[in-house]
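Residue numbers (this note's numbering): 3 to 235. We treat Cβ as the ideally placed atom computed from N, Cα and C, and that holds for glycine. For reference, the structure discussed in these notes is given below.
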């Protein structure tokens, strides 16, 4: 069930919801579809906010909502299954402290992984994602809207599925250690950044451990938010 849910979420988010929302936004924005693919891509490059809004709505409707519905199918208490319970404040503080200690190592792994001799096709595949975030930050949309799209939404939606629903299902089959490792590694792979899979997986394992150790999803959400928020500030 865990594997099927991951494929379902990937399909809904990457193939159905986000692309559909993007098309609707492009129509509302008056994008000229008759100009061909090149003109459409140029427009999206010049207006990255369209892609980011589509990504944000896609995460809410394609990741968070299905995670909640799947939890309801498994339990009459979906919030408990997803570990949406208040954390011990001391453990929350320790989680943030642990993240601060982990950041230099994750950044080091990112640099090492980036320096590996990846095929040019891999780098070409990743470059549009990098350019999108850079252009979005350059457009100065305002601190709060940017923070919402790049940090708040991913922290809530991705954690609700990966550490909330998915990890719980893996734990049932492979135990706590299996749940932590599998949820962490697949979190890294889910982002479709081959050169950054290793540091993302390390972060994912830490988030999964926090969720298991504290019995609450909120520490992982807070740390995830802090990690993404660093890119905004």
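- In the displayed model, residue 113 falls within a helix according to three-state DSSP.
- Close CB contacts of residue 173 within its chain, under the 6 Å cut and outside five residues either way in sequence, are with 181 (chain order).
- As the crow flies, the alpha-carbon of residue 53 is around 17 Å from that of residue 234.
- Fewer than three Cβ pairs drawn from the segment 37–45 and the segment 87–107 lie within less than 8 Å of each other, which leaves the two stretches out of contact.
- For the pair residue 129 and residue 50, the CB atoms are not nearer than the 8 Å cut-off.
- Pairwise C-beta distances place the segment 191–207 out of contact with the segment 25–35, as fewer than three of them are shorter than 8 Å.
- Shortest Cα-Cα distance from residue 230 to any of 153, 57, 7 and 30 involves 153.
- Secondary structure note for residue 215: its alpha helix (DSSP H) is the uninterrupted segment 199–216.
- Going by C-alpha positions, residue 57 is about 26 Å away from residue 171.
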